[in-house]
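Peer 1: In this text, residue positions in the sequence shown follow my numbering: the first is 1, and each later residue adds one.
Just so you know, even glycine gets a beta-carbon here, dropped at the ideal spot from N, CA and C.
These numbers come from a predicted model, not from an experiment.
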Amino acid sequence: MPRRTSLGDAHCAIAQALDVVGDWWTLLIVRDTARGVHRFDELQRELGLSRKVLAERLRLLVDADVLTRVPYQDRPPRHEYRLTPRGRALLPVLIALQDWGDTWVLGEGEMSATTPTQASQEARRVHELLGTRVPELRLRSADGEPGDPVADAAHTVLYCFPGAYARKDAYPPGWSAIPGAPGCTLESCTYRDRLAEFTAAGAAVRGVSTQRPDEQRAFAAKEGLRFPLLSDADLALTAALRLPTFRAAGVSRLKRLTLVVDAKRVVRHVQYPVTDVTASVETALRAVTRLRAPGS
């Protein structure tokens with residue numbers, strides 16, 4: 001491994017952090033580990049770097065307590081690499097880099113996410129989730145308990161939204177003027193009103209935002225929602241699926257999108273961008289009905 005030169009500024013947290021994750025391969029390893037790629041050969045295949053370089057970077061991350069080695073096979077001994085709490089704390093850094101790249105490098109950081117799919121790298125990234133698996137992870141429900149976003153059902157509809165609040169004065173300043181932000185209450189209430197149809201089609205509904213569980217709990221109680229809202233405040237799902245975000249009131253917010261995931265955690269249907277929230281609910285219902293049909 002090339003000899004690392006310490007940045008040496010003991011009083012600068014930025015310099016000290018870059019001493020751990022300043023190499024660009026290092027952050028890409030963290031990115032792919034967050035996506036559910038945990039084994040050496042899988043990481044090498046995803047990243048396309050040499051075994052020697054990958055081994056060196058993994059050793060660095062383990063030594064820095066960003067990753068931990070977890071055995072998965074005894075004979076011969078094999079380990080996979082999992083993010084530690086210190087590693088998971090890097091997820092907001094990854095999302096900030098993605099948001100910056102979408103906005104300033106790809107030039108597609110529109111909050112409304114209304115760029116046509118064929119003209120948007122961001123939209124193509126979301127639609128490429130079709131056929132991929134949602135990794136096993138835990139999001140906190142409105143009662144604060146961690147749970148699997150994929151329900152024990154034939155299909156799970158995961159609709160991601162920027163934010164919804166129980167009181168008008170709880171919304172961030174200027175919320176109604178942010179393109180793509182208004183409409184979350186209407187979307188959730190439409191799913192509420194049509195929940196029986198989704199249940200009859202064998203589908204569970206889950207709403208996901210980056211709000212705190214207490215904010216979601218207050219909103220769910222006010223609107224009488226009968227399905228869970230899940231908090232991705234730690235950005236675990238956002239980082240795992242590289243979902244598009246925007247910043248408002250100092251918080252990374254999910255752009256509006258909908259995924260239908262089957263019982264094997266495979267994404268079977270994607271809606272992005274979502275510009276008509278009531279039509280998107282109807283589209284999700286048609287999708288789960290079609291997927292339930294024999295031979296689908």
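Apart from the five residues just before and just after residue 254, which ones in its own chain have a Cβ nearer than 8 angstroms to its Cβ?
Peer 2: Contacts found: 160, 161, 162, 208, 209, 210, 232, 238, 243, 244, 245.
Peer 1: Hey, residue 256 and residue 274: beta-carbon distance below 7 angstroms or not?
Peer 2: Yes. Within cutoff.
Peer 1: Per DSSP, what are the beta-bridge partners of residue 204 in this structure?
Peer 2: Its beta-bridge partners are 156.
Peer 1: Just tell me which of 248, 144, 279 has its CA closest to the CA of residue 212.
Peer 2: Among 248, 144, 279, the Cα nearest to that of residue 212 belongs to 144.
Peer 1: Could you give the distance in angstroms between the alpha-carbon of residue 277 and the alpha-carbon of residue 50?
Peer 2: Whole-angstrom Cα-Cα distance: 46 angstroms.
Peer 1: Less than 8 angstroms between the CB atoms is what I'm expecting for residue 198 and residue 139, so what's the real figure, rounded?
Peer 2: That pair is no contact at about 19 angstroms.
Peer 1: Quick check on the burial criterion: 16 or more other C-beta atoms within 10 angstroms. Buried or exposed for residue 250?
Peer 2: Burial call: exposed.
Peer 1: Under 7 angstroms between the Cβ atoms of residue 89 and residue 263?
Peer 2: Cβ distance not < 7 angstroms, so residue 89 and residue 263 don't count as in contact.
Peer 1: In angstroms with no decimal places, state the Cα-to-Cα distance between residue 85 and residue 295.
Peer 2: The straight-line gap from Cα to Cα measures roughly 43 angstroms.
Peer 1: Using 8 angstroms as the threshold, is the region 59-78 in touch with the region 214-227, meaning 3 or more CB pairs across them?
Peer 2: With the cut-off at 8 angstroms, the region 59-78 and the region 214-227 do not touch.
Peer 1: List the DSSP bridge partners of residue 81.
Peer 2: Paired residue(s): 69.
Peer 1: Grouping DSSP H, G and I as helix and E and B as strand, with all else coil, what is residue 280?
Peer 2: Three-state result, residue 280: helix.
Peer 1: Give the list of continuous beta strand (DSSP E) stretches no shorter than 3 residues that lie fully inside the region 126-150.
Peer 2: Counting whole runs of 3 or more residues, the region 126-150 contains the beta strand (DSSP E) stretches 139-141.
Peer 1: Secondary structure at residue 198, three-state DSSP: helix, strand or coil?
Peer 2: Three-state DSSP puts residue 198 in a helix.
Peer 1: Taking all protein chains shown into account, do 16 or more other C-beta atoms lie within 10 angstroms of the C-beta of residue 65, making it buried, or fewer, making it exposed?
Peer 2: Residue 65 should be labelled exposed.
Peer 1: Going by beta carbon distance, what residues of the same chain come within less than 7 angstroms of residue 81, once the five residues before and after it are set aside?
Peer 2: Result list for residue 81: 33, 38, 58, 67, 69, in chain order.
Peer 1: How many angstroms separate the CA atom of residue 179 from the CA atom of residue 27?
Peer 2: The straight-line gap from Cα to Cα measures roughly 31 angstroms.
Peer 1: Relative to the C-alpha of residue 270, which residue among 125, 104, 229, 95 is closest?
Peer 2: It is 125 whose Cα lies nearest to the Cα of residue 270.
Peer 1: Quick one: what's residue 262 bridged to in DSSP?
Peer 2: DSSP output for residue 262 lists 155 as bridge partner(s).
Peer 1: Within its chain, find whatever has a CB closer than 7 angstroms to the CB of residue 1; leave out the 5 residues flanking it on each side and keep chain order.
Peer 2: Caution applies to residue 1, whose pLDDT of 40 falls short of 50 and renders its modelled position unreliable; the value that the coordinates give is listed next. 56, listed in sequence order.
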